[in-house]
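Some notes on the structure that comes next.
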DNA sequence: CGTGTAAGGAATTCTGACACG
DNA sequence: CGTGTAAGGAATTCTGACACG
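Protein chains in written order, with the working numbering: chain A, 50 to 150; chain B, 50 to 150.
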């Protein structure tokens with residue numbers, strides 16, 4: 050929705066400040082496939098506000114003792130639900146407007 | 050309006066990429082009072098998406114040959130107009146709801 | 001006036017590894 | 001498994017200055 054939210058422009062140091070998580074943790078969650086920062090030309094990680102929010106969720110789950118593996122699944126499930134919602138809405142629109150092809 | 054837009058989280062290197070302006074120019078426009086980045090603990094500049102948009106406007110004006118001095122005035126005028134609009138709206142609301150003191 | 005550049009230092013980020021458990 | 005830390009290098013950012021004009 051918001052263009053700003055998804056733009057990957059925040060460096061890891063600032064993400065660390067925003068989330069209260071150590072850089073080590075942030076890098077580890079990436080290694081485990083929970084978040085997907087972009088890389089600048091010379092390889093420094095760049096995060097979006099969306100990523101920051103995901104990290105906050107992850108931090109909550111971790112505090113509850115949930116393992117990264119399970120958190121990954123939960124995040125994937127959320128995404129799947131959203132994808133399905135999107136597809137249904139698109140289907141409705143297509144049916145309504147009877148787009149050619 | 051958008052919380053993301055005004056959060057100062059972008060480092061100068063990324064602002065440079067986003068705007069196409071050299072870091073030198075970006076620092077100079079700050080020196081001239083056209084933009085106001087925050088500073089991290091150890092002094093590195095942090096910009097918001099709003100700042101990035103201001104810089105884009107400034108770049109356009111500069112290409113037209115407008116001096117930083119005049120651009121500063123124009124930006125101040127814009128801000129003044131917005132402030133007045135805000136105050137009028139607030140005045141209307143206050144009159145309407147007759148808030149006590 | 002506005003911008004480039006070289007200069008030196010300080011802070012940031014990166015990766016791979018060892019540690020503990 | 002998840003996270004801390006020391007290690008060394010590479011890239012970033014900062015300031016004040018000189019240059020041109």
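Cβ coordinates follow ideal geometry from the N, Cα and C atoms, glycine included.
Say whether chain B places a C-beta atom closer than 8 Å to the C-beta of residue 95 of chain A. Mapped onto the first chain, residue 95 of chain A falls at position 46. Contacts with chain B at 8 Å (Cβ-Cβ) include residue 95 of chain A.
Taking only beta-carbon positions, decide if residue 130 of chain A is within less than 8 Å of chain B. One-based indexing of the first chain puts residue 130 of chain A at position 81. So, not an interface residue.
Under the three-state DSSP convention, the category residue 111 of chain B falls into: Within the second chain, residue 111 of chain B is the residue found at index 62, counting from 1. Looking at residue 111 of chain B - three-state DSSP - the assignment turns out to be helix.
Selection of the stretch 58 to 80 of chain B by Cβ proximity to chain A, strictly under 9 Å: Of all residues in the stretch 58 to 80 of chain B, only 58, 59, 60, 62, 63, 64, 66, 67 place a beta-carbon less than 9 Å from a beta-carbon of chain A.
So if I threshold CB-CB distances at 7 Å, which residues from the stretch 96 to 107 of chain A count as touching chain B? Residues 98.
Starting from the Cα of residue 62 of chain A, find the closest Cα among B:141, B:95, B:86, B:66 and give me that residue. Working through the first chain from its first residue, we reach residue 62 of chain A at position 13. Residue B:95 is the option with its Cα nearest to residue 62 of chain A.
Quick check on residue 54 of chain A - is its C-beta less than 8 Å from some C-beta in chain B? Mapped onto the first chain, residue 54 of chain A falls at position 5. Yes, residue 54 of chain A lies at the interface with chain B (some Cβ there is under 8 Å from its Cβ).
For residue 131 of chain A, does the count of other Cβ atoms within 10 angstroms reach 16, so buried, or fall short, so exposed? The sequence position of residue 131 of chain A within the first chain is 82, counting from 1. By the beta-carbon neighbour count (other beta carbons within 10 angstroms, threshold 16), residue 131 of chain A is exposed.
Roughly how many angstroms separate the alpha carbons of residue 102 of chain B and residue 81 of chain B, rounded to a whole number? What you label residue 102 of chain B is simply residue 53 of the second chain in a count that begins at 1. What you label residue 81 of chain B is simply residue 32 of the second chain in a count that begins at 1. When rounded, the distance between both Cα atoms is 17 Å.
When burial is assigned at 16 or more other CB atoms within 10 Å of the CB, is residue 142 of chain B buried or exposed? Within the second chain, residue 142 of chain B is the residue found at index 93, counting from 1. With fewer than 16 other Cβ atoms inside 10 Å of its own Cβ, residue 142 of chain B counts as exposed.
Under the DSSP definition of a beta bridge, which residues are partnered with residue 76 of chain B? Here residue 76 of chain B refers to the residue found at position 27 of the second chain. Residue 76 of chain B is not bridged to any residue.
Just the C-alpha distance for residue 122 of chain A and residue 79 of chain B, rounded to the nearest angstrom, thanks. Numbered from its first residue, the first chain carries residue 122 of chain A at position 73. Numbered from its first residue, the second chain carries residue 79 of chain B at position 30. Near 46 Å, if we compare the C-alpha coordinates of residue 79 of chain B and residue 122 of chain A.
Rounded to whole angstroms, what is the Cα-Cα separation between residue 85 of chain A and residue 98 of chain A? One-based indexing of the first chain puts residue 85 of chain A at position 36. One-based indexing of the first chain puts residue 98 of chain A at position 49. Roughly 12 Å separates the two Cα atoms.
Alpha-carbon spacing of residue 124 of chain A relative to residue 104 of chain A, whole angstroms: By one-based count along the first chain, residue 124 of chain A stands at place 75. By one-based count along the first chain, residue 104 of chain A stands at place 55. Answer to the nearest angstrom: the Cα atoms are 11 Å apart.
Assuming contact is defined by CB atoms lying nearer than 8 Å, are residue 59 of chain B and residue 64 of chain A in contact in what I supplied? Walking along the second chain from the start, residue 59 of chain B turns up at place 10. Walking along the first chain from the start, residue 64 of chain A turns up at place 15. Contact: no.
Using CA coordinates, which residue listed in B:55, B:70, B:52, B:54 is at the minimum distance from residue 109 of chain B? Within the second chain, the letter at position 60 stands for residue 109 of chain B. Relative to the Cα of residue 109 of chain B, the nearest Cα in the group B:55, B:70, B:52, B:54 belongs to B:70.
Alpha carbon to alpha carbon, how far is residue 118 of chain A from residue 106 of chain B? In the first chain, counting from the first residue as 1, residue 118 of chain A sits at position 69. In the second chain, counting from the first residue as 1, residue 106 of chain B sits at position 57. Roughly 46 Å between the two C-alpha positions.
In terms of residue numbering, what span does the alpha helix (DSSP H) encompassing residue 175 of chain A cover? This structure leaves residue 175 of chain A out entirely; chain A is present only between 50 and 150.
State the beta-bridge partners of residue 152 of chain B as determined by DSSP. Residue 152 of chain B falls outside the range modelled here, since chain B spans only 50 to 150, and no answer is possible.
Local conformation of residue 147 of chain A per DSSP, three classes: Here residue 147 of chain A refers to the residue found at position 98 of the first chain. Three-state DSSP puts residue 147 of chain A in coil, outside helix and strand.
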